[in-house]
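Going by the numbering used here, the sequence shown opens with residue 24, and the numbers climb by one from there. Structure, as structure tokens:
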Amino acid sequence: VLVQTLNPEHFAVQAAVNHDYEAFYCEELAQREDAVYPPFSRLAAIQLSGNLQKSVEDEAKKAAAALRKIKKELRLRVDILGPATAPLGMIRGRHRWHILLKSPDRTALRRLVQGFKQSFQPVQTVRLAIDIDPLELL
24 VLVQTLNPEH
34 FAVQAAVNHD
44 YEAFYCEELA
54 QREDAVYPPF
64 SRLAAIQLSG
74 NLQKSVEDEA
84 KKAAAALRKI
94 KKELRLRVDI
104 LGPATAPLGM
114 IRGRHRWHIL
124 LKSPDRTALR
134 RLVQGFKQSF
144 QPVQTVRLAI
154 DIDPLELL
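Now the structure itself:
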């Protein structure tokens, strides 16, 4: 196996080189616990996409504002990260923005998503997708 990296001292690369899956697992789990990422929390990814970059960005900002309003009204313990351009900002001519919701409380996350789905409708030219416990964030 050939690995090309700008950071050969990274714990994941070192664990792979040494075939030390236990060290990788322990370090990754500790980092996830510190950042309150799964399995120590639940995630929901909200993605908006469309052909016009400005309208997708505007709708993502409106969606984030709606989420923050619902969170405040319901007094929910949910972190709202974003909106931001998705890591793959454009696919097949469609601009993509996303918002990540993170909470250690599954019920709070579900209540926020349900309230959002009931109250937010993007403009017709923008698609909205909600992924609970996403497998990837690209």
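Built from N, CA and C at the ideal position, the CB exists for glycine as well.
What separation, rounded to the nearest whole angstrom, lies between the Cα atoms of residue 84 and residue 37?
Roughly 40 Å between the two C-alpha positions.
Do residue 131 and residue 121 come within 8 Å of each other at the CB atom, strictly closer than that value?
Contact flag unset, no.
May I ask you to report which of helix, strand or coil DSSP gives residue 28?
DSSP places residue 28 in coil when its eight states are reduced to three.
Looking at residue 129 and residue 7, is the spacing between their C-beta atoms short of 8 Å?
Summary: the structure shown does not reach residue 7, with the chain confined to residues 24 through 161, and so no result is reported for it.
Local conformation of residue 70 per DSSP, three classes
Three-state DSSP puts residue 70 in a strand.
Note down, in chain order, each residue of its chain lying with its Cβ closer than 8 Å to the Cβ of residue 74, except the 5 sequence neighbours on either side.
Non-local beta-carbon contacts of residue 74 in its own chain, meaning distances under 8 Å to residues more than five positions away in sequence, involve 116, 117, 118 and 148 in chain order.
Tell me whether the beta-carbon of residue 66 lies closer than 8 Å to the beta-carbon of residue 123.
Result yes, Cβ atoms of residue 66 and residue 123 sit closer than 8 Å.
In angstroms with no decimal places, state the Cα-to-Cα distance between residue 46 and residue 31.
Taking the straight line from one Cα to the other gives about 16 Å.
Can you list, in chain order, the stretches of the alpha helix (DSSP H) that have 4 or more residues and sit fully within the region 66-130?
For the region 66-130, whole alpha helix (DSSP H) runs of length 4 or above, ordered along the chain, are 76-97.
Which same chain residues end up closer than 7 Å to residue 68 when comparing Cβ atoms and leaving out the 5 residues on each side of it in sequence?
Hits under 7 Å: 121, 123, 154, 157 and 160.
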